[in-house]
Structure formats: C-alpha cells, structure tokens
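Residue numbers (UniProt numbering): 1 to 71. Just so you know, even glycine gets a beta-carbon here, dropped at the ideal spot from N, CA and C. Remarks on the structure that follows.
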Amino acid sequence: MKLSGTVQYQDLEGGVWVLKADDGRTYQLAGGDRKIKKDGQRISAEGSVQRDAVTAAMVGPVFHVTSYTAD
1 MKLSGTVQYQ
11 DLEGGVWVLK
21 ADDGRTYQLA
31 GGDRKIKKDG
41 QRISAEGSVQ
51 RDAVTAAMVG
61 PVFHVTSYTA
71 D
C-alpha cells in the first residue's frame, strides 16, 4: 500500500507519531527509521496497514512503513 501525507506528533498516552494522509485518514506510524519522525514533514510511504493491532493511543489503524521518501 502506498500513502502520502504529513507526519505529525500527537501528545497522547506518552506521545504518538501519526501520518495525516492525503486521503483524509489518520494512521499511527510504525517502522521506518528515526528520520521519519519529524513533525510537519511530508512523505510518500509504502507499507501495510495492520487493522487488528490494538494500541493505547487509538488514533487510527497502524501503518507499518517499509520504505519512504520525504517530499
């Protein structure tokens, strides 16, 4: 799956990094590297959605990033 959007930090349950995707959805980010965690950065990412994953933040489905590029 390929997604594009803006990386954001949300101060929920100790903090969580999310992708506000261009499709209007919010995904909790997993995977990638430390460079992906830059508030306001636009990215294009490939990965998979883990719909059955349960997290404390509950901000949306978990998107496990396998590769990405900063826009």
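- Counting along the chain, Gln10 sits inside the beta strand (DSSP E) bounded by residues 2-10.
- The beta carbon of Val59 lies closer than 7 Å to those of Gln10, Leu12, Val16, Val18, Thr26, Gln28 in the same chain, with the five residues before and after it left out.
- Ser48 places its beta carbon 8 Å or farther from that of Asp22.
- For Ser44 and Lys38, the gap between their C-alpha atoms comes out near 14 Å.
- Assignment of Lys35 by DSSP, reduced to helix, strand and coil, places it in the helix class.
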